[in-house]
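The sequence shown begins at 1 in my numbering and counts up by one.
Backbone N, C-alpha and C fix where the C-beta goes; we use that ideal spot for every residue, glycine too.
Predicted model, so just to flag it, every value in this text is computed and none were measured.
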Amino acid sequence: MQRQRSTRHLPAHLIVVSGCLLFLLFQLSEIRAQGIAESLSRFASSRPHTQIAGLGGLPAPSLQAGLHASPAGAGTSFLQETSGAADSIIWIDTNVHVLADTFQGKASVVAAKVEIARAGHYRLKAKVWYNSGDAQQNESFFLQVISPDGEIQLPLDPNAGPYKVVADMPGPPRFLWRDAGVFYFARGTNTIEMHHYVQIAKQYPQFVNGAFNTLESVYLDSLQLAFSAAVDAGIAVSAKTARKTYFAPDSAGWVYPGEDYQLELDIENGGDFSARDAIVKLTLPAEVSAIQYSLAPSQVNGQVVQWDLPELAPGAARQIRLDLRTAPILPPGWTRLQHIAELVTAQDDNPSNNRAQAVVYAWADSSGRRPQFADLEVQLQLQNRDQYVELPGGLPKIPAGEKVAFALRLHNAGPDTAKEVRLTYFLPAALSFQSFSLSPQTLSPDSAVWHFKALPPDTVVNIQSAATAPECFEATDTLVTHRALAWAINDTSLANNLAADTVALALPHYDLSATLQAQTDTLI
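Okay, here's the thing in structure tokens:
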């Protein structure tokens with residue numbers, strides 16, 4: 001038989017008091033629960049993120065492809081930036097602490113585990129609760145990041161050897177956001193460790209604040225991770241050739257078989273921290289060989305040239321120049337020569353500028369050798385130009401009926417013989433040409449033409465012509481322009497194949513006079 005407790009012996013007034021107390025306790029618990037919920041709601045709304053379940057009972061977000069955090073263990077909640085952009089911020093509630101006690105293993109703790117979709121450097125900010133005010137000293141700590149493969153990542157901005165110590169901030173009890181360093185986070189699950197400063201204080205004592213007490217603790221409320229383009233090393237490559245005309249595809253520079261040209265590599269670190277262990281690799285076309293380097297390569301493996309640059313400081317730039325030479329025999333026609341440059345640095349945050357290329361074209365004749373090209377140059381001008389009065393604009397003024405002479409000069413400025421050369425002198429109708437120092441093969445009222453089977457390199461042909469200005473002409477014919485044009489089947493540059501000269505013909509002057517006389521037969 002179950003024993004029942006009797007209350008009949010209790011006075012009535014005690015029963016009433018007990019009931020009142022129970023009612024008051026119930027009301028207080030309701031008020032406290034509501035206050036906690038409101039506090040959590042205000043806490044969540046103060047941050048630009050979506051909250052995961054476990055804080056105030058709010059629904060968990062759907063984790064998109066991007067930056068997000070995942071729980072490290074019981075009692076740890078994580079917050080996620082909803083966008084996956086480069087400037088995303090990851091919020092992590094840690095709620096951990098470490099003690100200045102190295103004997104019981106309480107000086108280190110796993111603060112969080114975070115899943116990273118985009119590898120790179122992130123700046124860590126720590127929200128620290130200084131709960132003891134000035135009564136407790138040495139509330140200092142440092143963080144370390146463990147990559148998914150177990151490699152320890154140290155900060156780029158250390159202040160105590162390789163570590164970034166978040167030093168104690170004396171003052172009243174309060175929360176403070178502190179800079180905890182810039183770390184590299186690999187793709188995957190990374191572990192963030194918190195260590196009390198006591199572990200390295202003997203090696204780096206600059207932040208010691210009084211004698212250590214094993215009960216001294218540092219409380220880490222939460223962490224913030226912000227993507228940082230800390231290391232941004234880039235490379236560019238350009239080629240310099242002797243010629244660049246529309247003949248080459250894409251208007252790129254071009255060379256002949258067996259000809260030299262230059263290549264320039266420009267390396268620059270646009271980040272805020274040094275690029276360490278940079279490797280520059282240049283892959284040369286099979287048809288090209290390197291003649292000289294401005295910086296000796298670390299190694300050459302066939303057509304791959306490599307330079308090892310131990311460190312590239314923030315804002316620093318390096319240039320490497322090469323003298324290259326094409327093979328003496330190439331496939332007939334155009335050959336595309338592609339030069340590929342690559343820059344590999346440890347933990348670069350912007351891989352988009354780590355690769356570049358430069359293209360040069362080579363032209364070979366049907367035998368695969370250097371073609372016999374030429375470069376004709378034409379000049380045409382009035383002789384004894386300084387004897388004539390100049391009009392505004394520098395034009396010489398030729399008097400009516402004046403005998404004048406013009407000098408025509410043809411020069412093969414190219415390295416090869418010009419073949420099947422034709423020189424045409426277009427004769428203006430306003431001038432009357434009487435003679436040429438070299439007789440043209442073809443002469444008509446409007447042109448004179450000379451033919452040359454071949455003109456060796458640096459050959460010059462000078463032709464003088466004699467003409468007479470007209471005695472009279474219309475005013476609209478005072479400006480006279482004459483031209484000369486050269487052509488060869490193997491000329492490479494047509495920009496200097498045309499020459500022209502303009503002169504002004506003076507209007508004739510007349511002096512007319514008249515005499516008027518009246519005559520009568522009447523004498524007054």
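Under 7 Å between C-beta atoms of residue i and residue j
i, j, result
"A286", "L330", "no"
"D446", "L427", "yes"
"A107", "I192", "no"
"F373", "N490", "yes"
"V533", "F452", "Nothing in the structure corresponds to residue 533, since the chain is present only between 1 and 524."
"V304", "T283", "yes"
"A230", "F183", "no"
"G188", "D157", "no"
"L337", "A486", "no"
"W177", "K113", "no"
"L505", "T478", "yes"
"P148", "L154", "no"
"S222", "T102", "no"
"P396", "E402", "no"
"K281", "Q306", "yes"
"V288", "L324", "yes"
"R483", "A500", "yes"
"D349", "D179", "no"
"W450", "L423", "yes"
"D308", "I279", "yes"
"E471", "A400", "yes"
"H196", "V98", "yes"
"A100", "F175", "no"
Beta-ladder partner(s) of residue i, from DSSP
i, result
"T502", "T481"
"I329", "Beta-bridge pairing links I329 to no other residue."
"F183", "Y122"
"N190", "V114"
"Q153", "V145"
"V165", "F142"
"A486", "L423"
"Y219", "H97, W129"
"R370", "DSSP, once it has assigned bridges, lists no residue as partnering R370."
"V359", "Q338"
"G234", "E268"
"A160", "Y163"
"F175", "W129"
"R379", "The displayed chain sequence assigns Gln, not Arg, to residue 379. Answer is R409, bridged to Q379."
"R385", "Note: R385 sits in no beta bridge, so no partner."
"N301", "V304"
"A226", "I89, R123"
Option nearest residue i by Cα separation, candidates the options
i, options, result
"T214", "T191, L143, E139", "E139"
"N190", "L156, F103, L143, A201", "L143"
"S367", "P399, P257, L324", "P257"
"A430", "V128, T492, Q206, V503", "V503"
"A466", "T492, E259, S437, T442", "S437"
"L455", "S432, A484, E259, K419", "K419"
"Y261", "G271, I291, R276", "I291"
"T492", "I463, V255, Y388, A484", "V255"
"P173", "L265, M194, Y219", "Y219"
"A160", "V145, F141, F185", "F141"
"D416", "S435, R370, L99", "R370"
"Q137", "M169, I152, H121", "M169"
"A119", "N269, I152, Q347, A358", "Q347"
"E259", "K127, T335, A242", "A242"
"V165", "S444, Q206, I152, K127", "Q206"
"G171", "L443, A313, P310, Y130", "Y130"
"V145", "A167, H121, A135, V128", "H121"
"N269", "P314, L263, Y293", "P314"
"R276", "A167, P328, A316, G105", "A316"
"G271", "T345, P392, P328, S294", "T345"
"G210", "A135, E311, W334", "A135"
"A186", "Q199, A252, E115, V198", "E115"
"F406", "Q441, Y425, L295", "Y425"
"A167", "V198, I152, G150, I398", "V198"
"R123", "E151, I152, T335, W91", "W91"
Margin query: Three or more C-beta pairs under 8 Å: does that hold for the region 312-321 against the region 353-372?
Written below: no
Notebook entry, point to check: Between the region 216-226 and the region 234-244, do at least 3 Cβ pairs fall closer than 8 Å?
Noted result: no
Note to self: Closer than 8 Å is the cut-off here; do at least three beta carbon pairs connect the region 450-467 with the region 406-420?
What the structure shows: yes
Check: What are the start and end residues of each continuous beta strand (DSSP E) run of 3 or more residues lying completely inside the region 392-477, in chain order?
Finding: 396-398, 403-412, 418-426, 432-436, 442-444, 447-455, 460-468
Note to self: Runs of 3 residues minimum, wholly inside the region 242-286: which ones carry the beta strand (DSSP E) assignment?
What the structure shows: 260-269, 275-283
Next item on the list: Please determine if the region 375-386 and the region 341-348 are in contact, where contact requires at least 3 C-beta pairs separated by less than 8 Å.
Entry: no
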